[in-house]
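Residue numbers (this note's numbering), protein chains in the order written: chain A, 1 to 326; chain B, 327 to 410.
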């Protein structure tokens, strides 16, 4: 039984973003689950609901007719605060929901059953819900069935996490990181907000492996990741690009702020007593960057310049421009 | 009683999925998923469904997971090759 972290809303939202499912396209697999919920529980509406900071967004929905609603209207926002499946037999006579626009207006919700989508690390991302336009009491067996379907939804999301996570360090794979970067390019441009990519490479890592063995090399990489993570905040995304090369997405930060993040602490592994340094390339997002791949390439070019400059150093886009006189 | 029937239903449904060689990274996930399917089968039977109806629900529930599992295994194999 997973212990749910009810009070940790920041952690819950970070977990939700880690699953990278918000604002993604409709998918048959989740539609299939909501279809099963409708048939088995005999309800006209069902949804896979994810509760974001200010809205509920439906990964799949049948009968609701909208992709999202404000969070204050969300029944599922209440469900994620409960330990058990939440049952509302008649919303019109429940003081929490009687004045809710989804009850008084379309889709005219009257009864609701919601089962939490709980991650293995104890965060309720949202709920799988069954909704009727008539008052009805759902029995324990129906609640158990809905809970089972909710577990299947999470099973599928978790499987995707395996493919998106580097097995050695637990950070994103290159593919998972690029997916996050694509979303950030899009959202930063829509909101006109700064963002940067910091790419780092552990200096002389081959000699760490050659001298101390691959097991120690693996420990060094895990330690590098742990130290990086100490300086990251919600929304930042760390990925292993391959070998000893990592990239960090830094939304909301310009190049100067990104430099402070990557310079915050020297990379030294105390446990293995293998002092290592790293080189960094930091590229801010600007109009000349076409997509996530070219953004990563820009940071990679700066990383290469840092290596060429003798390693254990940082190269920013502005530094590179100064060095070439451009 | 419904537990035995649920176990038999799940075993039969799983056997028709074919033989998929699972990488170690997904063993825990697949074991957990099978446990959830077993609980679902038992609850469906407890609700009064007959074996045929419960089996149909199980088959549909398993279908999309199987597709995702194959995609994940392919991605993991691609990653292994890349690291090698």
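The C-beta atom is built at its ideal place from N, Cα and C for all residues, glycine as well.
- Task: State the DSSP-derived secondary structure class of residue 409/B, mapped to helix, strand or coil.
- Result: In this prediction, residue 409/B scores a pLDDT of 40, lower than 50, which makes its location untrustworthy; the coordinate-derived value is nonetheless stated afterwards. Reduced to three states, the DSSP call for residue 409/B is helix.
- Message: Short of 7 angstroms in beta carbon distance, which residues of its chain neighbour residue 81/A, apart from the five on each side in sequence? Order them along the chain.
- Response: 6
- Mind checking if residue 160/A is an interface residue toward chain B, Cβ cutoff 9 angstroms exclusive? yes
- Message: Closer than 8 angstroms is the cut-off here; do at least three beta carbon pairs connect the region 309–317 of chain A with the region 332–351 of chain B?
- Response: Contact fails: fewer than three Cβ-Cβ distances are below 8 angstroms.
- For residue 329/B, which residues from the same chain have a beta carbon less than 6 angstroms from its beta carbon, with the 5 sequence-adjacent residues on both sides left out? 368
- Could you tell me which chain B residues have their CB closer than 7 angstroms to the CB of residue 334/A, listed as they occur along the chain? Limits of chain A in this structure are 1 at one end and 326 at the other, which puts residue 334/A out of reach.
- Chain-ordered neighbours of residue 394/B on chain A, where CB pairs are closer than 8 angstroms: 29, 156, 159, 160
- What residues from chain B crowd round residue 83/A, counting only those whose CB sits closer than 8 angstroms? Ordered by position in chain B, no residue passes the 8 angstroms Cβ test against residue 83/A, which lies about 18 angstroms from the chain.
- Touch test, the region 295–312 of chain A against the region 275–286 of chain A, Cβ-Cβ under 8 angstroms, three pairs minimum: yes
- Return no unless some Cβ of chain A is closer than 9 angstroms to the Cβ of residue 334/B. No - not a single Cβ of chain A is within 9 angstroms of the one on residue 334/B.
- Span of the alpha helix (DSSP H), counted from its first residue to its last, around residue 32/A: 28–41
- Item | residue 112/A: first and last residue of the uninterrupted beta strand (DSSP E) it sits in | That run of the beta strand (DSSP E) goes 111–118.
- Extent of the continuous alpha helix (DSSP H) to which residue 145/A belongs: 140–164
- residue 71/A (DSSP reduced to helix, strand or coil): helix
- By Cβ distance, which residues of its chain are closer than 6 angstroms to residue 19/A, with the 5 residues on each side in sequence left out? Apart from the 5 residues on each side of it in sequence, residue 19/A sits with its Cβ closer than 6 angstroms to the Cβ of 157 in its chain, given in chain order.
- Query: Going along the region 339–369 of chain B in order, which residues come within less than 7 angstroms of chain A, judged by CB to CB distance?
  - Reply: 351, 352, 355, 358, 359, 362, 365, 366, 369
- Query: By the criterion of Cβ-Cβ separation under 7 angstroms, what are the contact partners of residue 144/A in chain B?
  - Reply: Result: 369.
- Message: Please classify residue 400/B as buried or exposed, where buried requires at least 16 other C-beta atoms within 10 Å of its C-beta.
- Response: exposed
- Item | Where the alpha helix (DSSP H) containing residue 178/A begins and where it ends | 174–191
- Message: With the cut-off set at 9 angstroms, would you say residue 145/A and residue 41/A are in Cβ contact?
- Response: yes
- Quick one: any contact between the region 50–69 of chain A and the region 90–98 of chain A, if contact means 3 or more CB pairs under 8 angstroms? no
- Query: Which of helix, strand or coil does DSSP assign to residue 369/B?
  - Reply: helix
- Query: To which residues of the same chain is residue 385/B closer than 7 angstroms at the C-beta, ignoring the five residues directly before and after it?
  - Reply: 339
- Would residue 206/A count as contacting chain B if we go by Cβ distances under 9 angstroms? no
- Message: Less than 9 angstroms between CB atoms is the rule here; does residue 401/B satisfy it with respect to chain A?
- Response: Among the residues facing chain A, residue 401/B is included, as its CB has a counterpart in that chain under 9 angstroms away.
- Just how far apart, CA to CA, sit residue 274/A and residue 213/A? Roughly 12 angstroms separates the two Cα atoms.
- Could you name the residues of chain B that residue 153/A contacts, counting a contact when the two beta carbons are closer than 7 angstroms? For a Cβ distance threshold of 7 angstroms, nothing in chain B lies close to residue 153/A: the least Cβ distance comes to about 10 angstroms.
- Task: In angstroms with no decimal places, state the Cα-to-Cα distance between residue 126/A and residue 285/A.
- Result: 32 angstroms
- Item | Buried or exposed by the 16-neighbour rule on C-beta atoms within 10 Å, applied to residue 302/A | buried
- Item | Where the region 162–180 of chain A meets chain B: residues whose CB sits under 9 angstroms from a CB there | 162, 163, 164, 165, 166, 167, 168, 173, 174, 175
- Start and end of the beta strand (DSSP E) containing residue 200/A? 195–202
- Contacts around residue 217/A, its chain only, beta-carbon distance under 6 angstroms, and the 5 residues preceding and following it disregarded: 208, 209
- Taking residue 329/A as the reference, which of 91/A, 29/A, 115/A has the closest Cα? No answer is possible for residue 329/A: it lies beyond the span of chain A, which begins at 1 and ends at 326.
- Item | Span of the beta strand (DSSP E), counted from its first residue to its last, around residue 245/A | It spans 245–251 - the beta strand (DSSP E) in which residue 245/A sits, taken as one unbroken run.
- Message: Using the Cβ count rule (16 or more neighbours within 10 Å means buried), how would you classify residue 1/A?
- Response: exposed
- Query: residue 243/A: which of 227/A, 64/A, 221/A, 68/A sits nearest, CA to CA?
  - Reply: 221/A
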